[in-house]
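Student: Okay, handing you the structure first.
In the numbering used here, the protein residues as written are -8 to 197.
If you want it as structure tokens, here you go:
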């Protein structure tokens, strides 16, 4: 579908088009396509992560695995309610399907550049249709794609404005990541949570 057409679709129609996509499965990149997206046009915060987890793939939900639940807890610390997830908070990812595990390992595989390229029109269309005022980039891949390839230690804890949006980067909360182990990085996470809280409060005053 032509990009200009995607950007003009009503959000429910766009989401149905996303869920019907089988491009990565047909190309042999993944075993089973089950594209996931969740949110409404009333979104305040748009989360972009790496890819759905195995738990998400099996349940049809989003950000329900251990890493996703940890991210949800950070949002609660920033003052959001559980009922905001999927309503005021939009769930998206660089790729829409579970990429599978790394060979011989229990951790998820990083989606290839080819997979990312196939999914990018969907993500760009979601951003164009939803037009969220706050963008949360969850993990290194999302941060590198939409903000900067600078080290996370230079980015986490700061807030940015990109294309008229408030952008708050967060580290990935996967148990396989050791980034959060040092106390100084825990402090940067606390700063990121406070930046998200401040962005929410500013938005609610407008």
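Idealized CB from N, CA, C, for every residue including glycine. Computed from a predicted structure; not experimentally measured.
So, for residue 22: in the same chain, excluding its five sequence neighbours on each side, which residues have a beta-carbon less than 8 Å away from its beta-carbon?
Tutor: Residue mapping note: residue 22 aligns to position 31 of the chain shown, counting from 1. 16, 91.
Student: Tell me which same chain residues have a C-beta within less than 6 Å of the C-beta of residue -3, skipping the five on either side of it?
Tutor: On the chain shown, position 6 is the one that residue -3 refers to. Contacts found: 116.
Student: Alpha carbons only, please: which of 24, 185, 19 is nearest the one belonging to residue 13?
Tutor: Mapped onto the chain shown, residue 13 falls at position 22. Minimum Cα distance to residue 13 is reached at 24.
Student: Just to confirm my understanding: we take residue 126, look at its own chain, exclude 5 residues before and 5 after, and list those with CB closer than 6 Å. What are they?
Tutor: As a working note, residue 126 is residue 135 in the chain shown. For residue 126, where only same-chain residues beyond five positions count, the Cβ hits under 6 Å are 37, 156, 158.
Student: Could you say which of 141, 46, 129 lies nearest to residue 97 if we only look at CA atoms?
Tutor: Reading the chain shown from its first residue, position 106 is the one you call residue 97. Among 141, 46, 129, the Cα nearest to that of residue 97 belongs to 46.
Student: If you follow the beta strand (DSSP E) that residue 60 is part of, which residue opens it and which one closes it?
Tutor: Your numbering for residue 60 matches position 69 in the chain shown. It is not in any beta strand (DSSP E) - residue 60 instead sits in the alpha helix (DSSP H) that spans 57 to 68.
Student: Does residue 179 pass the burial test, meaning 16 or more other C-beta atoms within 10 Å, or should it be called exposed?
Tutor: For the purposes of this step, residue 179 is identified with residue 188 of the chain shown, where counting begins at 1. The residue is buried, with at least 16 neighbouring Cβ atoms inside 10 Å.
Student: Return the first residue and the last residue of the beta strand (DSSP E) that residue 129 is part of.
Tutor: Position 138 of the chain shown holds residue 129. Per DSSP, residue 129 belongs to the beta strand (DSSP E) from 125 to 129.
Student: Comparing C-alpha positions only, which one of 70, 69, 65, 84 sits nearest to residue 29?
Tutor: One-based indexing of the chain shown puts residue 29 at position 38. Per the Cα distances, 84.
Student: For the candidate residues 137, 2, 54, whose alpha-carbon lies nearest to that of residue 164?
Tutor: For the purposes of this step, residue 164 is identified with residue 173 of the chain shown, where counting begins at 1. When each option's Cα is compared against that of residue 164, the closest is 54.
Student: Give the straight-line distance between the Cα atoms of residue 194 and residue 123, rounded to the nearest whole angstrom.
Tutor: Translated into the one-based positions of the chain shown, residue 194 becomes position 203. Translated into the one-based positions of the chain shown, residue 123 becomes position 132. Near 11 Å, if we compare the C-alpha coordinates of residue 123 and residue 194.
Student: Can you check DSSP and say which residues form a bridge with residue 84?
Tutor: Counted from its first residue, the chain shown places residue 84 at position 93. According to DSSP, which records beta bridges pairwise, residue 84 is partnered with 40.
Student: Could you give the residue range of the beta strand (DSSP E) that holds residue 120?
Tutor: If you number the chain shown from 1, residue 120 lands on position 129. That residue, residue 120, is in no beta strand (DSSP E); its alpha helix (DSSP H) goes 104 to 121.
Student: Should residue 76 and residue 48 be called a contact, given that it needs their Cβ atoms to be closer than 8 Å?
Tutor: In the chain shown, counting from the first residue as 1, residue 76 sits at position 85. In the chain shown, counting from the first residue as 1, residue 48 sits at position 57. Taking 8 Å as the Cβ cut-off, residue 76 and residue 48 do not qualify as a contacting pair.
Student: Counting along the chain, where does the beta strand (DSSP E) carrying residue 174 start and finish?
Tutor: Your numbering for residue 174 matches position 183 in the chain shown. Per DSSP, residue 174 belongs to no beta strand (DSSP E); it is in the alpha helix (DSSP H), 174 to 196.
Student: Between residue 128 and residue 137, what straight-line distance do the alpha-carbon atoms span, to the nearest angstrom?
Tutor: The residue labelled residue 128 in the question sits at position 137 within the chain shown. The residue labelled residue 137 in the question sits at position 146 within the chain shown. Spanning the two alpha carbons is a distance of roughly 8 Å.
Student: Quick one, which of 121, 44, 71 has its alpha-carbon nearest residue 86's?
Tutor: As a position in the chain shown, residue 86 is number 95, starting the count at 1. Considering only alpha carbons, the answer is 44.
Student: Could you pull the start and end residues of the alpha helix (DSSP H) that residue 156 belongs to?
Tutor: By one-based count along the chain shown, residue 156 stands at place 165. First-last for residue 156: 156 to 161, but that is the beta strand (DSSP E), not the alpha helix (DSSP H).
Student: Does residue 58 pass the burial test, meaning 16 or more other C-beta atoms within 10 Å, or should it be called exposed?
Tutor: In the chain shown, the residue the question calls residue 58 occupies position 67. Per the 10 Å Cβ criterion, buried.
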